[in-house]
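Asker: Sequential numbering from -13 applies to the sequence shown in the working numbering.
For each residue, glycine too, the CB sits at the ideal point set by N, CA and C.
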Amino acid sequence: METAADPTGAENVQGSTVAPGEWHYAPDLPIENNPLFTWPWNWRRIAAYHRDYWLTLSEVSLFLIIAVGGWALSAPWFGDMTTLSAGWVGSILALNYGLVILVAGGFHLFFYTLRRQGDDRKYVAQFGHRGGGRFTFGRQVHDNMFWSLASGVPIWTGYEVLLLWTHANGWAPAISFTANPVLFIALILATGPWVAFHFYWGHRLLHTGPFYRHVHALHHRNVNIGPWSGISMHPVEHCIYFSSLLVHLIVPSHPVLVMFHGYMLALSAIFGHTGFHELLLGKSRRMMVGHFHHQLHHRYFECNYGSVDFPLDAWFGTFHDGSKAARQRLRERLGPR
Ligand SMILES: [Zn+2]
Ligand SMILES: [Zn+2]
């Protein structure tokens, strides 16, 4: 959590390296990647990055609380998970539906329906797409809700159930916090970078010819994104995106880690597509919600396939840091495209 300085964001845009008129609001630029991957290590930057990531009211700290609390409260109800039964499988499906509806629906209601924050900290002044011709049911929010709820949540839940069932049967390596606290914490810390690493490669595949046209174009209907756009994807893309979870078949794991990983995929995508950089909490407090790195991807397409948590975009020349210089580099790389 940081202290808000400029309530309108207009000053921010004018004073930054962003091109005039490019964004309604932009964060401090250029955006930076996880300093853990920059050698030699700058311990101050690494400490500050992880402090902001984990020790403030941030999306990841919330997801961890939900995973720990959710497992502690629900495990006794689930009972024997060595067999697939409607009771515990249905409970996890209901929990995931509840969380997606609460987070995406809550953000949509707050930011878009009631407009409680106006356009303050909004990357693009316009609220969603006006024309509905390319959207299922002819309207962006209905399209996004349909693909999120009809495909996204069931496929995510399918992976999660598979992993919890596998772990309950002892078919995958398992750890506990009491027996392996250091490894347990290290695996929590590694979740974000792993998600970014996996997302980058799947996402690059989805930007190739037929995959883009028949699968990923559905997500890119949303140039001006909203909370429900986060996991609004084609079912094939959901299968690729949530396959990040399969690492728990190899790496020693625990149900809390599986649940947390799922939230880092599903709920984090919803946060990252709100279209707002920050949620303002009172006059001087704020919580970061938007992912400007991914907002740039929705505008310019052929850049920022991963996230700032693992700098594959920087290493492979596809990183757009939001600056005018980066936009020029993208133009030169793509040519007439
Ligand atoms: Zn997206
Ligand atoms: Zn894409």
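#1: Can you list, in chain order, every residue whose CB sits closer than 6 Å to a heavy atom of ligand 1?
#2: Spell out the partners DSSP gives PHE296 in its beta bridges.
#3: Give me the DSSP bridge partner(s) of SER239.
#4: For LYS108, list the residues DSSP reports as bridge partners.
#5: Please name the residue or residues paired with LEU70 in a DSSP beta bridge.
#6: Which same chain residues, not among the five before or five after GLN112, have their C-beta less than 7 Å away from its C-beta?
#7: Indicate whether the contact test is met: 3 or more Cβ pairs, each with one atom in the segment 157 to 171 and one in the segment 272 to 290, closer than 8 Å.
#8: What would DSSP say about MET250, mapped onto helix, strand or coil?
#9: For the putative contact between SER216 and HIS259, defined by C-beta atoms under 8 Å, what is the C-beta separation to the nearest angstrom?
#10: Exposed or buried, what is ARG107 when buried is set at 16 or more other beta-carbons lying within 10 Å of its beta-carbon?
#11: Within its chain, find whatever has a CB closer than 6 Å to the CB of THR(-6); leave out the 5 residues flanking it on each side and keep chain order.
#12: Would you mind reading off the limits of the alpha helix (DSSP H) that contains ARG317?
#13: Just reading off the beta strand (DSSP E) that ARG271 is part of, what are its end residues?
#14: When DSSP labels each residue in this structure, what does LEU88 get in the three-state scheme?
#15: Looking only at its chain, what residues have a beta carbon closer than 6 Å to the beta carbon of MET131, apart from the 5 residues adjacent to it on each side?
#16: Tell me which residue opens and which closes the alpha helix (DSSP H) that TYR11 is part of.
#17: Within 10 angstroms of its Cβ, does GLY114 collect 16 or more other Cβ (buried), or is it exposed?
#18: Going by DSSP in three states, LEU22 sits in which element: helix, strand or coil?
#19: What's the call for THR304, buried or exposed, on a 16-neighbour Cβ count within 10 Å?
#20: Report yes or no: do three or more beta-carbon pairs, one from the segment 233 to 248 and one from the segment 134 to 148, lie closer than 8 Å?
#21: Excluding five sequence neighbours on each side, which residues of the same chain lie with their C-beta closer than 8 Å to the C-beta of LEU320?
#22: Tell me whether the beta-carbon of PHE185 lies closer than 7 Å to the beta-carbon of GLY308.
#23: Hey, out of PHE296, HIS277, PRO322 and ALA58, whose CA is closest to SER44's CA?
#24: So which of SER229, GLY84, TRP40 and ARG190 has the shortest CA-CA distance to GLU146?
#25: I'd like to know whether the C-beta atoms of HIS234 and LEU149 end up nearer to each other than 7 Å.
#26: Mind checking which residues open and close the alpha helix (DSSP H) that includes ILE51?
#27: Quick one, which of VAL242, ALA154 and TYR98 has its alpha-carbon nearest VAL127's?
#28: Just how far apart, CA to CA, sit THR178 and GLY118?
#29: Can you name the start and end residues of the alpha helix (DSSP H) that LEU192 belongs to?
#30: Note down, in chain order, each residue of its chain lying with its Cβ closer than 6 Å to the Cβ of ASP295, except the 5 sequence neighbours on either side.
#31: I need the straight-line Cα distance from ARG315 to ALA300, nearest angstrom please.
#32: On the CB-based measure, 16 or more other CB atoms within 10 Å of its CB, does LEU173 come out buried or exposed?
Answerer: So, to answer that:
#1: HIS205, HIS259, HIS280 and HIS284
#2: Position 310 of the sequence shown, counted from the first residue, corresponds to residue 296. PHE296 pairs with SER293.
#3: Here residue 239 refers to the residue found at position 253 of the sequence shown. SER239 pairs with ALA160.
#4: The residue given as residue 108 occupies position 122 in the sequence shown. Per DSSP, PHE262.
#5: By one-based count along the sequence shown, residue 70 stands at place 84. DSSP output for LEU70 lists no bridge partner at all.
#6: Locating residue 112 in the sequence shown gives position 126, where the first residue counts as 1. Correct list, in chain order: ASN210.
#7: no
#8: On the sequence shown, position 264 is the one that residue 250 refers to. In this structure, MET250 counts as helix in the three-state DSSP scheme.
#9: The sequence position of residue 216 within the sequence shown is 230, counting from 1. The sequence position of residue 259 within the sequence shown is 273, counting from 1. It is worth fixing the name first, because residue 216 is Gly in this sequence and not Ser. That belief holds up - the Cβ atoms of GLY216 and HIS259 are roughly 4 Å apart, short of 8 Å.
#10: Position 121 of the sequence shown holds residue 107. Flag for ARG107 reads buried.
#11: Taking the first residue of the sequence shown as 1, we reach residue -6 at position 8. The pLDDT assigned to THR(-6) is 35, lower than 50, so where the model puts this residue is not dependable, and the model offers no usable value.
#12: For the purposes of this step, residue 317 is taken as residue 331 along the sequence shown, with counting starting at 1. Where ARG317 is concerned, the enclosing alpha helix (DSSP H) stretches over 310 to 320.
#13: Taking the first residue of the sequence shown as 1, we reach residue 271 at position 285. Here the beta strand (DSSP E) through ARG271 covers 271 to 274.
#14: Mapped onto the sequence shown, residue 88 falls at position 102. If DSSP states are grouped into helix, strand and coil, LEU88 belongs with the helices.
#15: Start at 1 with the first residue of the sequence shown, and residue 131 comes out as number 145. Taken in chain order, the residues that qualify are TRP214.
#16: For the purposes of this step, residue 11 is taken as residue 25 along the sequence shown, with counting starting at 1. Premise fails: TYR11 is in no alpha helix (DSSP H) and is neither H nor E.
#17: Here residue 114 corresponds to residue number 128 of the sequence shown, with the count starting at 1. Under this definition GLY114 is a buried residue.
#18: If you number the sequence shown from 1, residue 22 lands on position 36. LEU22 falls in the helix class under three-state DSSP.
#19: Position 318 of the sequence shown, counting from 1, holds the residue named residue 304. THR304 should be labelled buried.
#20: yes
#21: Translated into positions along the sequence shown, residue 320 becomes position 334. Excluding positions up to five away in sequence, the list reads GLU288.
#22: Looking up residue 185 in the sequence shown gives position 199. Looking up residue 308 in the sequence shown gives position 322. Result no, Cβ atoms of PHE185 and GLY308 do not sit closer than 7 Å.
#23: Locating residue 44 in the sequence shown gives position 58, where the first residue counts as 1. Closest by alpha carbon: HIS277.
#24: Position 160 of the sequence shown, counting from 1, holds the residue named residue 146. Looking at the Cα atoms, SER229 is the closest of the given residues.
#25: For the purposes of this step, residue 234 is taken as the residue at position 248 of the sequence shown. For the purposes of this step, residue 149 is taken as the residue at position 163 of the sequence shown. Yes; because the gap between Cβ atoms is below 7 Å, this pair is in contact.
#26: The sequence position of residue 51 within the sequence shown is 65, counting from 1. ILE51: member of the alpha helix (DSSP H) spanning 45 to 64, first to last residue.
#27: Here residue 127 refers to the residue found at position 141 of the sequence shown. Ranking VAL242, ALA154 and TYR98 by Cα distance to VAL127 puts TYR98 first.
#28: Locating residue 178 in the sequence shown gives position 192, where the first residue counts as 1. Locating residue 118 in the sequence shown gives position 132, where the first residue counts as 1. First, the amino acid is wrong: residue 178 is Gly here, not Thr. For GLY178 and GLY118, the distance between alpha carbons rounds to 34 Å.
#29: Numbered from 1 along the sequence shown, position 206 holds the residue referred to as residue 192. DSSP places LEU192 inside the alpha helix (DSSP H), whose first and last residues are 167 to 192.
#30: One-based indexing of the sequence shown puts residue 295 at position 309. Excluding residues within five positions, the ones whose Cβ falls inside 6 Å are ASN20, GLY178, PRO179 and ALA182.
#31: Along the sequence shown, read from residue 1 onward, the residue named residue 315 stands at position 329. Along the sequence shown, read from residue 1 onward, the residue named residue 300 stands at position 314. If you take the alpha carbons of ARG315 and ALA300, they lie about 12 Å apart.
#32: In the sequence shown, residue 173 corresponds to position 187, counting from 1. So LEU173 ends up on the buried side.
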